[in-house]
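Participant: Here the working numbering runs 90 ahead of the position in the sequence shown, where the first position is 1.
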Amino acid sequence: MFGKSKKVKNLRPMLEVCQSDAMRNAAGSLLANIEYSSVDRKIQAVVVTSAAPNEGKSTISLSLAMAMGTKGKKCLLVETDLRRRSLCAVLKAHPRHGLHAVLRGDAKLAETVVETEFKNLFFLDAEPGIPNPEEILSSLRFAELLDALRKEYDFIILDTTPVGAFPDALLASRVADGTIMVIREGSTDKRAAMLAVDQLRNSGAHLLGTAVNFQTKASGGSYGYYGYYYEEKQVPADSPEVQEILDGKE
Numbered sequence: 091m092f093g094k095s096k097k098v099k100n101l102r103p104m105l106e107v108c109q110s111d112a113m114r115n116a117a118g119s120l121l122a123n124i125e126y127s128s129v130d131r132k133i134q135a136v137v138v139t140s141a142a143p144n145e146g147k148s149t150i151s152l153s154l155a156m157a158m159g160t161k162g163k164k165c166l167l168v169e170t171d172l173r174r175r176s177l178c179a180v181l182k183a184h185p186r187h188g189l190h191a192v193l194r195g196d197a198k199l200a201e202t203v204v205e206t207e208f209k210n211l212f213f214l215d216a217e218p219g220i221p222n223p224e225e226i227l228s229s230l231r232f233a234e235l236l237d238a239l240r241k242e243y244d245f246i247i248l249d250t251t252p253v254g255a256f257p258d259a260l261l262a263s264r265v266a267d268g269t270i271m272v273i274r275e276g277s278t279d280k281r282a283a284m285l286a287v288d289q290l291r292n293s294g295a296h297l298l299g300t301a302v303n304f305q306t307k308a309s310g311g312s313y314g315y316y317g318y319y320y321e322e323k324q325v326p327a328d329s330p331e332v333q334e335i336l337d338g339k340e
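#1: Cα separation between Cys108 and Phe208?
#2: Can you have a look at Glu225 and say buried or exposed, based on whether 16 or more other CB atoms are within 10 angstroms of its CB?
#3: Output yes or no for whether 8 Å exceeds the beta carbon distance between Ala142 and Ala282.
#4: On the CB-based measure, 16 or more other CB atoms within 10 Å of its CB, does Lys132 come out buried or exposed?
#5: Determine the direct distance from the alpha carbon of Ala112 to that of Arg264, and round the result to whole angstroms.
#6: Go ahead and pull the three-state DSSP assignment for Leu214.
#7: Put His296 into one of helix, strand or coil per three-state DSSP.
#8: Should Ser230 be labelled buried (16 or more other beta-carbon atoms within 10 Å of its own) or exposed?
#9: Since Phe212 contacts Leu166 with CB under 8 Å, what's their CB separation in whole angstroms?
#10: Drop a sphere of 10 angstroms on the beta-carbon of Asp171, count the other beta-carbons inside from all chains shown, and report buried for 16 or more, exposed for fewer.
#11: Do the segment 136-150 and the segment 237-257 meet, that is, are 3 or more Cβ pairs less than 8 Å apart?
#12: Could you check if Asn222 is buried or exposed, using at least 16 other CB atoms within 10 Å of its CB as the buried criterion?
#13: Between the beta-carbon of Ala295 and the beta-carbon of Thr278, is there less than 8 Å?
#14: Going straight from the alpha carbon of Glu145 to that of Val272, what length do you get?
#15: Of the choices Val168, Asp215, Gly195, Lys241, whose alpha-carbon is the least far from that of Pro185?
#16: Quick check on Gly276: buried or exposed, where buried means 16 or more other Cβ atoms within 10 Å of its Cβ?
#17: Can you have a look at Glu106 and say buried or exposed, based on whether 16 or more other CB atoms are within 10 angstroms of its CB?
#18: Please name the residue or residues paired with Glu224 in a DSSP beta bridge.
#19: Check whether the Cβ atoms of Leu121 and Ala157 lie closer than 8 Å to each other.
#20: Quick check on Leu120: does DSSP put it in helix, strand or coil?
Written out as C-alpha cells, the structure reads:
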C-alpha cells in the first residue's frame with residue numbers, strides 16, 4: 091500500500107465539483123470537442139496540463155474521465171503528476187503498485203489498475219517520491235505502455251505537472267495523441283501561458299486547445315470552484331477569447 095494522503099480533507103471538494111450538474115455539462119461539452127477535434131488522427135490518449143500550479147487541471151482531468159465513463163467509454167485516468175500526487179486521495183484508491191513498478195517490470199497492469207466507484211472509470215496511480223520523473227516519461231517503456239493501454243481503453247487521461255514547473259508535461263505530450271492546457275481566468279499570467287503554449291508546440295505536442303475555467307464573462311454569471319458554478323470551455327490557445335482573458339494578467 092502506498093499509504094493514505096494527509097490531504098484527503100482538502101481534496102474532497104474536488105470530487106463535489108466534478109459531480110455537480112454544471113461541471114458534468116461542461117465536461118460533456120469538452121469531451122465532444124475532443125472527439126471531433128481531428129479528422130486525421132484518433133484522439134485517445136490526452137495530456138491535461140497548465141502553465142502554473144493551482145489552475146484546476148486535476149479537477150478537469152477527473153471530470154473529463156468521469157464524462158467519458160458516463161457516455162459508455164472505458165476510460166483510464168493515469169496519475170502522471172509524479173511530483174505532487176492528488177488523485178488517489180480524491181478517488182480513495184490506494185493500490186499496492188503503481189506506474190513505476192509497471193515500467194520496471196515489477197508488477198503487471200492487472201495488479202496496478204483499479205476500478206473506481208464511477209462507471210467505466212479506472213485508475214492507474216504512481217508511487218510517491220519517484221526520483222527520476224523525466225527519465226520515466228521520456229523512456230521507451232512509457233511510450234510502449236501507452237500503446238498497450240490504447241488497446242485496452244477507449245480513452246486515457248494523463249494528469250501531468252504544470253508546464254512552467256517541470257518538463258514532465260512536454261515529455262508526456264510527445265507520445266500522447268493530444269494535449270489540453272488549463273487556463274484560469276483572473277489568475278493565469280499571460281506571458282507564462284503563451285510561453286507554455288510555445289513550449290508544448292516546440293516539443294511536438296498536438297495542442298487541442300485550452301480549457302478556460304473560473305469563467306465570469308461567457309454567460310454573465312459568477313463561476314468558481316466551491317460554492318459556485320464551474321464552467322470550462324475548449325477554445326484554441328491563441329484565440330481572441332483567451333487573449334482577452336489573459337490580458338488582465340500582463
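Ideal Cβ placement from N, Cα and C applies to all residues, glycine included.
Facilitator: Put simply:
#1: 11 Å
#2: exposed
#3: yes
#4: The residue in question, Lys132, is exposed, as its Cβ has fewer than 16 Cβ neighbours within 10 Å.
#5: Whole-angstrom Cα-Cα distance: 32 Å.
#6: strand
#7: coil
#8: For the sequence presented, residue 230 should be read as Leu rather than Ser. That one is exposed.
#9: That pair is a contact at about 5 Å.
#10: buried
#11: yes
#12: exposed
#13: Between Ala295 and Thr278, the C-beta gap is not smaller than 8 Å, which leaves the two residues out of contact.
#14: Per the coordinates, the alpha-carbon of Glu145 lies some 7 Å from the alpha-carbon of Val272.
#15: Taking Pro185 as reference, the option from Val168, Asp215, Gly195, Lys241 with the minimal CA-CA separation is Asp215.
#16: Exposed.
#17: Answer is exposed; the Cβ neighbour count stays below 16.
#18: BP columns for Glu224 are empty, so no partner.
#19: Yes.
#20: helix
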